[in-house]
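When you number the sequence shown by full-length UniProt numbering, it's gap-free, plus one each residue, and the end is 491. All C-beta atoms in this analysis are idealised placements derived from N, C-alpha and C, irrespective of residue type, glycine included. Note sheet for the following structure.
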Amino acid sequence: MDDELEPEDFGILMSRTSLCVLIHDAASKDILWANPAACEMLEFSLDEIKPLKAPDMSSQAREYSRAIGRAWLQRAVDEGSSRIVWRYRAKSGREFPTEALAVLVQLGRGPAVMVQFRDIEKEQAIERSLHRTEEYFRALARHTSAGAVVLDPRGVVEYASGTALSQFKVGDQELIGARLTDLAEITSASGHVGWAAAVDAARPVVAVRLEVRTADVAVWLGGSLDHLQVDGDDLYLLTLHDITDRVVEDLEHGRRVEYENYLSRYNAMGDMAMAIAHELGQPLAAAGNFLAGARLRATPEESYALDSARRQIDRASAIVKALREFVGHLEQVETLVDLNDVVRECMYFVRLRADGAGIRVRESWSEEPIPVRCERVLTGQVVLNLCFNALDEMAGSPESEREITVATAREAGVGRFTVEDRGKGLGGLSAHIFDQPFTSKEHGSGIGLALSHRIISRQHGRLVAWSREPRGAAFSFTLPLAGDEPGAAAG
């Protein structure tokens, strides 16, 4: 049996194909033959088709004129093939678009052009529908506040609407193909953080919140993550709204509540301080009298211990008295003192705590007096508070790094006290550290710094803080030198 096809077999195959075929003479462009599919599509018999010209079987629109049709066929003759979208007209007058391919072929009678075409009216209708749908979606995306992002199971962005691009503050090329976790921190409704947690919860939908990382401002987006299946593939649709204003308002509300709680604690401490000062006055006086009596009968060794205890009681009495006056808003008792002396009086207690924690204390003293007018005991309490904070900060550091520096200095118009540590620093909070309760201690109230700031400010001074390089923090206050403080000239 011969496996080769006979010449007449090709005619049979051509007559059975659903693809429409016209054969044109390469020179005259006259129709030589049409297969049954072409005859059926054009509604002409083969004998009727042969004498037809382009105007007889094409749309009357200018872009389908005979000259354009002949030029298209000639390109196939010159170049071997030519493709065009051509609008044919059937015998009944029905017009339909086709995708037509003209190919130069060599027949026994000479060169010819074979035109193959198919009806693409339904495809164009589908394409127009898809285009309209796409335009509708684009218009909706432009005019809605919701952004839309499509992601694959790894969290890589495959599509983003224009609104989403503006929400993320990036361009199309930056967002498409990027991992969502590289652009924002994701939190699901359950409180779990990360893409994997959000995906696990998205069966089929879960509420999420994103904190977008931008160089300028913080942006928060809220919305939902929907699990989709498209052609058997898992995809995730993220719809987002900008909730920055709401989040900022919530944060501000939280700060206001915290500040109100701070004020409540502050007022409560004032009431407690008045009560404690009142109650402690008599026991301290009685303890002083008992120590004085014991001192008369004590040995020299015992006398040293009793004198030390007496000094502590005297200091406690002075603190209680000053505290009562401060909290009670009585007239401030200011005296002219050397700031060096105030700080030196406090160093006994600073060294006592430092020695117990294995912390070195470096001291740098002004070589000249620093005359300031201040409330001596309360200013000393500020010195102690700042120094104790520095010691507490260093207590957990490696032994080789446990060190603080205490310094006094006389500068232009002011006397300065400074304490520096080598801890973790303030972390960018130095600008607001005195505006609200602040503490890094596990059981701290955050009121000590605010109270210290109020004491120094009441005395026309200034208390500041900053982070040191490469690490650590510094707290410093200044008080006007005597004769330079406000109102001194009038006195």
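So is residue i buried or exposed if we call it buried at 16+ other beta carbons inside 10 Å?
i	result
G448	buried
A305	exposed
T408	buried
F10	exposed
L210	buried
V31	The amino acid occupying residue 31 in the given sequence is Ile; Val does not appear at that position. That one is buried.
A285	exposed
R422	buried
T17	exposed
N35	buried
E375	buried
A390	buried
Q167	buried
H24	buried
I12	exposed
L73	buried
P486	Note on P486: pLDDT 49, under 50, position unreliable in the model; the coordinate value appears next. With fewer than 16 Cβ atoms within 10 Å of its Cβ, P486 is classed as exposed.
V217	exposed
Quick test of your reading: residue i and residue j, contact by CB under 8 Å. State the CB separation rounded to the nearest angstrom.
i	j	result
F417	L339	6 Å
V208	T187	7 Å
R213	L183	6 Å
V414	P369	Wrong, their Cβ atoms sit about 14 Å apart, outside the cutoff.
S303	R311	Not confirmed; about 13 Å, so no contact.
V320	G288	Contact flag wrong, Cβ pair sits at about 12 Å.
L386	F349	Not confirmed; about 13 Å, so no contact.
R353	F388	7 Å
V199	Y236	7 Å
Near residue i, which residues of its chain fall below 6 Å by C-beta distance, leaving aside the five closest residues on each side in sequence?
i	result
T239	A146, A148, G223, S224
C20	A37, A38, M41, F117
V406	E363, V419
P111	A26
A77	Here residue 77 is Val; the residue named in the question, Ala, does not match the sequence. Counting only Cβ-Cβ distances below 6 Å, and skipping sequence neighbours, we find A26, L104.
E393	D421, G423
S81	V103
S397	none
What residues in its chain sit with their C-beta under 7 Å from that of residue i, if we drop five residues either side in the sequence?
i	result
A482	L336, P371, V372, R373
I243	W220, L221, G222
R66	K53, A54, P55
V157	V149, L151, L175, I176, G177, A178, L180
V382	S452, I455, I456, F477
I120	P97, T98, E99
E249	none
L165	G171, D172, L175
S15	N35, P36
Y64	S58, W86, R87
E442	Caution applies to E442, whose pLDDT of 44 falls short of 50 and renders its modelled position unreliable; the value that the coordinates give is listed next. Around E442: no qualifying Cβ.
Short of 8 Å in beta carbon distance, which residues of its chain neighbour residue i, apart from the five on each side in sequence? Order them along the chain.
i	result
H253	none
A395	A357, I359, R402
E334	R373, C374, E375, Q459
E6	none
A160	G147, A148, V149, V150, F168, D172, L175, I176
L46	W33, A34, C39
E48	K91
E185	V193, L210, E211, R213
Determine the contact status of residue i and residue j, defining contact as a CB-CB distance below 7 Å.
i	j	result
A90	E43	yes
L22	V115	yes
E95	R87	yes
V113	A102	yes
A202	H241	no
T379	V342	yes
P477	A465	Note that residue 477 corresponds to Phe in the displayed sequence, not to Pro. No, Cβ-Cβ distance for F477 and A465 is not below 7 Å.
K29	R70	yes
L291	A309	yes
R315	S366	no
G425	R462	no
A404	V361	In the sequence on display, residue 404 carries Ile and not Ala. Going by C-beta atoms, I404 is nearer than 7 Å to V361.
Using a Cβ-Cβ distance cut-off of 7 Å, determine whether residue i contacts chain D.
i	result
L291	As a matter of chain content, chain D is missing from the structure shown, which is built from one protein chain.
Next on the checklist: Could you tell me which whole beta strand (DSSP E) segments of length 3 or greater appear in the stretch 145 to 216?
Outcome noted: 147 to 151, 157 to 160, 184 to 188, 205 to 212
Item to check | In chain order, each beta strand (DSSP E) run of at least 3 residues that lies wholly inside the stretch 446 to 484 | outcome: 462 to 467, 473 to 480
Checklist entry - Can you give, in chain order, each stretch of the beta strand (DSSP E) that sits fully within the stretch 74 to 126 and has at least 3 residues? => result 81 to 89, 95 to 107, 110 to 119
Item to check | Every unbroken beta strand (DSSP E) within the stretch 26 to 59, with a cutoff of 3 residues, ordered by chain | outcome: 31 to 34
Item to check | Residue ranges of each alpha helix (DSSP H) within the stretch 295 to 371, 4 or longer | outcome: 300 to 327, 339 to 357
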